[in-house]
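Student: A single structure is presented below for examination.
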Amino acid sequence: MECPFKLVLLSSLLFKDLMKGYNKNVRPMEKSGDITHVDIKMTLTNLISLNEKEEALTTSVWIEMQWCDYRLRWDQPPKSALYGNITSQLRVPSKSIWLPDVILENNVDGQFEVALYCNALVSSDGCVYWLPPAIYRSACAITVNYFPFDWQNCTMVFRSQTYSANEIELVLKEEDNHTLEWVDIDPEAFTENGEWVIKHRPAKKVINTQYTKDELGYQELVFFLIIQRKPLFYIINIIAPCVLFSSLCLLVYYLPAKAGGQKCTMSIATLLGQTVFLLLIAKKVPETSRAVPLIGKYLMFVMSVTTMVVMNCVIVLNVSLRTPNTHRMTDKVRKVRLWSDQTLF
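Using this note's numbering, the first residue of the sequence shown is number 449, and each one after it goes up by one.
Take a look at the structure:
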């Protein structure tokens, strides 16, 4: 029991020694011109939701960052002589050390910070490993052309808020000599979304050549989530009822002409039902004039057909209820009638 106790005491002394004179507001730069390399990896744990009306994607992620801070190393003299027995990583409160101010650039709620400032792991060579969790709401432009059989391409853009490319370099993390050019997913921690399925998840570093290295917009890391909607809910609750409603219009012509009132009632009821479904779709998709959803085009078509059926029923009802005592046939109608009889018979 004595050895672990001494190790804990030694770790406590090491932490105090490292924090002595440490300024967390100053970027680690051992000599003039040094650039701090920040390796970043994003692990997706949950695609929470995609709000089509607000065009906002909500995700739960782990942001893994690694960089080296020469002020936190103890593998060189004189600290190595005192703390050389500490070979494991030292757990340090993340708010006590310098952190790269990498934020989600395209967030929509103004929440730039991570959800929890967990401890950072510091190695003897001064390299820092930080894995904070975060819940982000990022902007995602919605394409409604093929709703509900649509795909969406959402991006999460990360960049430094105050440091230029001459001060820190953002790079995608490497594992087994391969750059991780994709969003990582932990199968054990990932929760599948009930409405969307992730089809592709690439990532890349973007260099904006319209900026110089001294400007903040020069470099950024972009993580893509290309997702496909699961249409079963809309097929069962919207498309199938719409098809059944539309088929009712055909039954109108099986009613006798004398039942004109019932024909109009049935047609108008069908039209009202289709209007309700159109309103349900309008509440789901964003209020944009750039495109009309595929299902919206279908509903507009069947509503137009139903409207024509109602007009036809009104004309048939008007003609069928006419009698010689109430209406007199005009000369033009009489000529057309006689001509049609001679032509057809």
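All C-beta atoms in this analysis are idealised placements derived from N, C-alpha and C, irrespective of residue type, glycine included.
Isoleucine 442 lies in the alpha helix (DSSP H); which residues open and close that run?
Tutor: Only positions 449 to 793 of the chain appear in this structure, which leaves residue 442 out of reach.
Student: Helix, strand or coil for cysteine 750 per DSSP?
Tutor: In the sequence shown, the residue the question calls residue 750 occupies position 302. According to the sequence displayed, residue 750 carries valine and not cysteine. Helix.
Student: Relative to the C-alpha of tyrosine 666, which candidate in Leu673, Gln658, Phe672 has its C-alpha closest?
Tutor: Along the sequence shown, one-based indexing puts residue 666 at 218. Taking only the C-alpha atoms, the option nearest tyrosine 666 is Gln658.
Student: For asparagine 641, which of helix, strand or coil comes out of DSSP?
Tutor: Your numbering for residue 641 matches position 193 in the sequence shown. Three-state result, asparagine 641: coil.
Student: Use the C-beta contact count for arginine 607: other C-beta atoms within 10 angstroms, 16 or more gives buried, fewer gives exposed.
Tutor: Mapped onto the sequence shown, residue 607 falls at position 159. By the 10 Å Cβ count, arginine 607 comes out buried.
Student: Bridge partners for valine 540 per DSSP, in chain order?
Tutor: As a working mapping, residue 540 is identified with position 92 in the sequence shown. Paired residue(s): Ala568.
Student: Would you mind reading off the limits of the beta strand (DSSP E) that contains alanine 587?
Tutor: Counted from its first residue, the sequence shown places residue 587 at position 139. It spans 581-587 - the beta strand (DSSP E) in which alanine 587 sits, taken as one unbroken run.
Student: Check arginine 809 in the structure and name its three-state DSSP category.
Tutor: The structure shown does not extend to residue 809, since the chain is modelled only from 449 through 793, so no value can be given for it.
Student: For the putative contact between valine 670 and threonine 603, defined by C-beta atoms under 8 Å, what is the C-beta separation to the nearest angstrom?
Tutor: By one-based count along the sequence shown, residue 670 stands at place 222. By one-based count along the sequence shown, residue 603 stands at place 155. Correct: roughly 6 Å between the Cβ atoms.
Student: Pick helix, strand or coil for isoleucine 655, following the three-state DSSP scheme.
Tutor: Indexing the sequence shown from 1 puts residue 655 at position 207. Three-state DSSP puts isoleucine 655 in a strand.
Student: Within this structure, are the beta carbons of valine 767 and cysteine 712 separated by less than 8 Å?
Tutor: If you number the sequence shown from 1, residue 767 lands on position 319. If you number the sequence shown from 1, residue 712 lands on position 264. No, these two residues do not count as a Cβ contact at 8 Å.
Student: Under 8 Å between the Cβ atoms of tryptophan 515 and leucine 462?
Tutor: Counted from its first residue, the sequence shown places residue 515 at position 67. Counted from its first residue, the sequence shown places residue 462 at position 14. For tryptophan 515 and leucine 462, no; Cβs fall outside 8 Å.
Student: Which same chain residues end up closer than 8 Å to leucine 564 when comparing Cβ atoms and leaving out the 5 residues on each side of it in sequence?
Tutor: In the sequence shown, the residue the question calls residue 564 occupies position 116. Closer than 8 Å at the Cβ level, and outside the excluded window around leucine 564, lie Pro580, Pro581.
Student: Start and end of the alpha helix (DSSP H) containing serine 695?
Tutor: Within the sequence shown, numbered from 1, the residue matching residue 695 stands at position 247. Segment 688-699, the alpha helix (DSSP H) holding serine 695.
Student: Going by Cα to Cα distance, which pick from Ser586, Pro541, Thr535, Ser715 is closest to glutamine 559?
Tutor: Mapped onto the sequence shown, residue 559 falls at position 111. Residue Ser586 is the option with its Cα nearest to glutamine 559.
Student: Can you list, in chain order, the residues of its chain with a C-beta nearer than 7 Å to that of glutamate 503? Leave out the 5 residues immediately preceding and following it.
Tutor: Looking up residue 503 in the sequence shown gives position 55. Here glutamate 503 has Ala587, Cys588, Ala589, Ile590, Pro734 as same chain residues with Cβ atoms under 7 Å from its own Cβ, once five neighbours each way along the sequence are excluded.
Student: For glutamate 450, count neighbouring C-beta atoms within 10 Å of its own C-beta (all shown protein chains included) and say buried if the count is 16 or more, exposed if not.
Tutor: One-based indexing of the sequence shown puts residue 450 at position 2. With a pLDDT of 43 at glutamate 450, under the threshold of 50, the modelled position of this residue cannot be trusted, and the question is left open.
Student: Quick one: any contact between the stretch 459-473 and the stretch 523-535, if contact means 3 or more CB pairs under 8 Å?
Tutor: yes
Student: What's the gap between the Cα of isoleucine 687 and the Cα of threonine 778?
Tutor: As a position in the sequence shown, residue 687 is number 239, starting the count at 1. As a position in the sequence shown, residue 778 is number 330, starting the count at 1. Spanning the two alpha carbons is a distance of roughly 47 Å.
Student: Assign proline 741 to buried or exposed, taking buried as 16 or more other Cβ atoms, counted over all protein chains shown, within 10 Å of its Cβ.
Tutor: Residue numbering aside, residue 741 sits at position 293 when the sequence shown is read from its first letter. With 16 or more Cβ atoms within 10 Å of its Cβ, proline 741 is classed as buried.
Student: Less than 7 Å between C-beta atoms, sequence neighbours within five positions excluded: which residues of the same chain meet that for tryptophan 510?
Tutor: The residue you call residue 510 lines up with position 62 of the sequence shown. Correct list, in chain order: Thr491, Thr493, Leu579, Pro581.
Student: From the DSSP output, read off the bridge partner residues of histidine 775.
Tutor: In the sequence shown, the residue the question calls residue 775 occupies position 327. Answer is none; histidine 775 lacks a bridge partner.
Student: Do lysine 652 and glutamate 629 come within 8 Å of each other at the CB atom, strictly closer than that value?
Tutor: Indexing the sequence shown from 1 puts residue 629 at position 181. Indexing the sequence shown from 1 puts residue 652 at position 204. Yes; because the gap between Cβ atoms is below 8 Å, this pair is in contact.
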